[in-house]
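According to my numbering, the sequence shown is numbered sequentially starting from 382. For glycine and all other residues, C-beta sits at the position ideal for the given N, C-alpha and C. Since the structure is predicted, the reported quantities are computational estimates derived from the model, not experimental observations. To start, the structure under review is shown below, and the notes come after it.
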Amino acid sequence: MRGKTIILGITGGIAAYKGAALCSKLVQAGFDVHVIMTEGACKFITPLTLQTLSRNPVYTDTFDERDPSVVSHIDLADKADLILVAPATANTIAKMAAGIADDMLTTTLLAATCRIVVAPAMNVHMYDHPAVVRNLNVLAERSVMFIEPETGQLACGYVAKGRLAEPETIVAAVADILAEDERKPLLGKKVLVTAGGTVERLDPVRYLTNDSSGKMGFALAEAARDFGAEVTVIAARTSASPPNGVAVVRVESAQDMLDAVMERFDSSDLIVKAAAVADYRPVVRASSKIKKSGDRLMLELEKTTDILQTLGERKTKQYLIGFAAETGDLDHYAMDKLQRKHCDMLAANDVSEEGAGFNKDTNIIRLYDKSGLIEALPIMSKRDASRRMLTIAAQRMADREGKEAGR
Ligand code: PMT
């Protein structure tokens, strides 16, 4: 971890005293540690303690600009590889969720583009309070990561969940997060992702589509890019914006998507079919606007080609991940789709579940392979779910390559 810069934000709870041990262990692990303390934190422990342990100046006041050549909160945010808020009080968590910047720590957090990790510590009833739960969910949607509090003797006398994780646990978690971010497990691989909802035209002004926003597909494309892959997204109708650094091919119908995918299939190593593709399309697409006539209008629909199944039947070296959007009996339908469409992995989401499915920033995904359930991911941002899925896929691709090479 030498050469990595960590901003350690200490906030005003009794666990602030553990900030000293945490700071010391981070320095011992090789991090360049810069500490920001809130006013509340300074009531529990002195900045001098943290300055001595970090061997860097400690920041407590946004307006105390010691170096005229920089703006401190921007400079700190820019040079951080990771910001760790530990202990994080309910108050600071609420400010982060609301985007409030009224002290040096929250101002720096707003200016940061690096990973943010929060280690909450508070009384168990505060931790379970709906406001705190909601604020933690808001932060999770923004891909903030958490180091869960531990269960044990709390300063208030309760024996319950809420105690700051031990400094050793926090340092190990931070090191793991940074190491994971640095690995490029898909380096040199070509990844094809489909995103969004297909559009099947009835006439020049009307169409059949679905609620897919493209968020899931774009999160997967972003994760694949971060993992070092060369990424192409075949995107149908979307409301979200694609990530930078990936090639985007726009399509409309299931047939357009099939054509675009087939063109690139042979040269791809990994294909992720996150798009919501129409199963049926109108038999006739009227060339002019369909006029109103009579009380009923019968639309005749015909099956589209199942792109995933076509890929499954044709694949050679490719690793194929399908999705299943269900509204119940997830395990049954997921395994059926995995087998029928010859997928290597299948990601199933119950789109009727709170926090999952269409147009949300979070998802709840269950991952399967031919032997059954691999992992049930908890509710997490689509970004983090994508990273987890691709970490597993990259590992399995590497294992398969190793076996083929006789290693
Ligand atoms: O885009 P978001 O708003 O973020 O929403 C994400 C999502 C809910 C769309 C996504 O998580 C998801 O579940 N995508 C799959 C949607 C879907 O079409 O599921 P399905 O169970 O109907 O189809 C199963 C699989 O077959 C899917 O991989 C699908 O891409 C594929 N398929 C389906 C029909 C078809 N003609 N060709 C296909 O390739």
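In the DSSP annotation of this structure, the continuous segment of the beta strand (DSSP E) that includes MET418 starts and ends at 413-418.
Where ILE688 is concerned, there is no enclosing beta strand (DSSP E), although the alpha helix (DSSP H) around it starts and stops at 688-695.
Looking at PRO566, THR488 and VAL572, the one whose alpha-carbon comes closest to that of ARG777 is PRO566. Relative to GLU694, the option among ASP717, ARG721, PHE704 and VAL632 whose CA is nearest is ARG721. CA-CA distance, VAL664 to LEU680, rounds to 8 Å. For the pair of segments examined, the stretch 600-613 was found to touch the stretch 761-775: the number of CB pairs separated by less than 8 Å reaches three. DSSP, read as helix, strand or coil, puts GLN534 in strand. For the pair LEU465 and ILE417, the CB atoms are not nearer than the 7 Å cut-off.
Excluding residues up to 5 positions away in sequence, LEU407, PHE412, ASP413, VAL414, HIS415, ALA461, ASP462, LEU463, ILE464, LEU465 and VAL555 lie with their Cβ nearer than 8 Å to the Cβ of ILE387 in the same chain. For the 7 Å CB-CB criterion, GLU581 and ALA659 form a contact. If the five residues before and after MET503 are omitted, its C-beta is found closer than 7 Å to the C-beta atoms of GLY394, THR470, ALA471 and GLY543, all from its own chain and listed in chain order. Counting only residues of its own chain and dropping the five nearest sequence neighbours on each side, LEU711 has a CB closer than 7 Å to the CB of ALA729, ASP731 and ARG747. Relative to the non-hydrogen atoms of ligand 1, the Cβ of ALA657 comes within a distance shorter than 6 Å of at least one. The three-state secondary structure of ILE455, taken from DSSP, is helix. Separation of the CB atoms of ALA706 and GLY738 is rounded to 7 Å, and the pair is thereby assigned contact status at 8 Å.
When Cβ pairs closer than 8 Å are counted between the two stretches, the stretch 571-590 is seen to touch the stretch 612-621, the count reaching three or more. In this structure, the straight-line span from the alpha carbon of SER649 to that of GLY595 is close to 21 Å.
Counted as a single uninterrupted DSSP element, the beta strand (DSSP E) harbouring GLY390 occupies residues 386-391. Distance from the Cα of GLU683 is smallest, within the candidate group LEU559, SER762, ALA621 and LEU583, for LEU583. Using a Cβ distance threshold of 7 Å, ALA500 and ALA521 do not count as a contacting pair. Separation of LEU701 and SER634 (C-alpha to C-alpha, rounded to the nearest whole angstrom) is 21 Å. Straight through space, the alpha carbons of LYS698 and PHE704 are spaced by roughly 20 Å. Here ARG677 carries a coil assignment [DSSP, helix/strand/coil]. If the five residues before and after LYS424 are omitted, its C-beta is found closer than 7 Å to the C-beta atoms of GLY393, all from its own chain and listed in chain order.
Taken from the Cβ of ALA706, at least one heavy atom of ligand 1 lies inside 6 Å.
ASN740 is a Cβ neighbour of ASP592, given a cutoff of 7 Å. Under DSSP, the beta-bridge partners assigned to ALA705 are ALA729. For TYR714, the enclosing alpha helix (DSSP H) starts and ends at 711-721.
For the stretch 593-680, the continuous beta strand (DSSP E) assignments of 3+ residues that do not extend past its boundaries occur at 611-616, 628-631, 651-654 and 661-663, in sequence order. Membership of VAL586 in any beta strand (DSSP E) is not indicated, and neither H nor E is assigned to it by DSSP.
In this model, GLY390 and THR419 are separated by some 8 Å (Cα to Cα).
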